[in-house]
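For what it's worth, our numbering labels the leading residue of the sequence shown as 4, then goes sequentially. All remarks here apply to the structure that follows.
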Amino acid sequence: MLIYLQLIPSEDGRSKFERLYENYRQTMYYAAYKILRHERDAEDAVHEAFLRVAVNLEKINEEDCHKTRAFLVIITRNAAIDIYRRNKRERAGSYEELEPYIADGRAPEAGAELAEALAKLPPDYSAVLLLKYAQGYSDGEIAEILGIKPDNVRKRISRAKTRLGEILGEEDDEA
Numbered sequence: 004m005l006i007y008l009q010l011i012p013s014e015d016g017r018s019k020f021e022r023l024y025e026n027y028r029q030t031m032y033y034a035a036y037k038i039l040r041h042e043r044d045a046e047d048a049v050h051e052a053f054l055r056v057a058v059n060l061e062k063i064n065e066e067d068c069h070k071t072r073a074f075l076v077i078i079t080r081n082a083a084i085d086i087y088r089r090n091k092r093e094r095a096g097s098y099e100e101l102e103p104y105i106a107d108g109r110a111p112e113a114g115a116e117l118a119e120a121l122a123k124l125p126p127d128y129s130a131v132l133l134l135k136y137a138q139g140y141s142d143g144e145i146a147e148i149l150g151i152k153p154d155n156v157r158k159r160i161s162r163a164k165t166r167l168g169e170i171l172g173e174e175d176d177e178a
């Protein structure tokens, strides 16, 4: 709790924060656990939420109010969703780690057939597919990474899926 209190300059703000912490920490934990289903991650989400609350303490007028409870739960949910997305990306591995395997047709988690088909795709198409499905990035995030518009990302994904289907269909015909 000392970490949070150091972020707050006034004594009134500190006492207000302490009361919020005591009254709502368990509710915030339940909100985070409901999303993350992991104790440590839920605790991390509550920690991040309280850091955000400490920075935005002036936005809370009344301590025992349904609006305050809702505000704190929303902040906690957003922190939990951020952690969930971060964990999802970490479990998927990074594009840089997968790229050599894809290029050689040796993707560790994909079948050899799929890896070969991905290697036959143009780099623009394989990049968007990997960022979308292996990394879990949203269309907007992919657009930022590649420096293109989100509409172009969606179109590339559509074209890449079509082309991937064609390549896999050709391989089935040959077999």
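Virtual Cβ for every residue (Gly too), placed ideally from N, Cα, C. Remember, predicted model here, so these are calculated numbers, not experimental data.
Status (buried if at least 16 other CB within 10 Å, exposed otherwise) for residue 125: As a first step, residue 125 must be located in the sequence shown, where it is residue number 122. Counting of Cβ neighbours within 10 angstroms places residue 125 among the exposed residues, the total staying below 16.
Among 164, 57, 53, nearest to residue 3 - alpha-carbon criterion: Outside the displayed span of the chain (4 to 178) sits residue 3, for which this structure offers no information.
Rounded Cβ spacing between residue 74 and residue 63 (contact assumed at less than 8 Å): Numbered from 1 along the sequence shown, position 71 holds the residue referred to as residue 74. Numbered from 1 along the sequence shown, position 60 holds the residue referred to as residue 63. Under the criterion of beta carbons closer than 8 Å, residue 74 and residue 63 qualify as touching, at roughly 7 Å.
Separation of residue 42 from residue 155, as counted between CA atoms: By 1-based counting over the sequence shown, the position of residue 155 is 152. By 1-based counting over the sequence shown, the position of residue 42 is 39. If I take the Cα positions, the gap works out to 39 Å.
Neighbourhood of residue 120 by C-beta distance below 8 Å, restricted to the same chain and skipping five residues each side: As a working mapping, residue 120 is identified with position 117 in the sequence shown. Excluding sequence neighbours, residue 120 sits near 167, 170, 171, 174.
Residues near residue 65 by beta carbon distance below 8 Å, same chain, minus five either side: Indexing the sequence shown from 1 puts residue 65 at position 62. Non-local C-beta neighbours of residue 65 in its own chain, meaning closer than 8 Å and more than five positions away in sequence, comprise 71, ordered along the chain.
Own chain residues within Cβ distance below 7 Å of residue 106, not counting five before or after: Position 103 of the sequence shown, counted from the start, is the residue given in the question as residue 106. Low per-residue confidence applies at residue 106: pLDDT is 49, beneath 50, and the placement is therefore not dependable, though the value from the model is reported in the following sentence. Around residue 106, the same chain offers 122 as residues with beta carbons nearer than 7 Å, after the five sequence neighbours per side are excluded.
Whole-angstrom distance between residue 67 and residue 88, CA atom to CA atom: Here the question's residue 88 lines up with position 85 in the sequence shown. Here the question's residue 67 lines up with position 64 in the sequence shown. A straight-line Cα-Cα distance of about 32 Å links residue 88 and residue 67.
Nearest-angstrom Cα separation, counted from residue 53 out to residue 23: Locating residue 23 in the sequence shown gives position 20, where the first residue counts as 1. Locating residue 53 in the sequence shown gives position 50, where the first residue counts as 1. Annotation: residue 23 to residue 53 spans about 9 Å, alpha carbon to alpha carbon.
Minimum C-alpha distance to residue 76 - residue among 8, 60, 40, 34: In the sequence shown, the residue the question calls residue 76 occupies position 73. Looking at the Cα atoms, 34 is the closest of the given residues.
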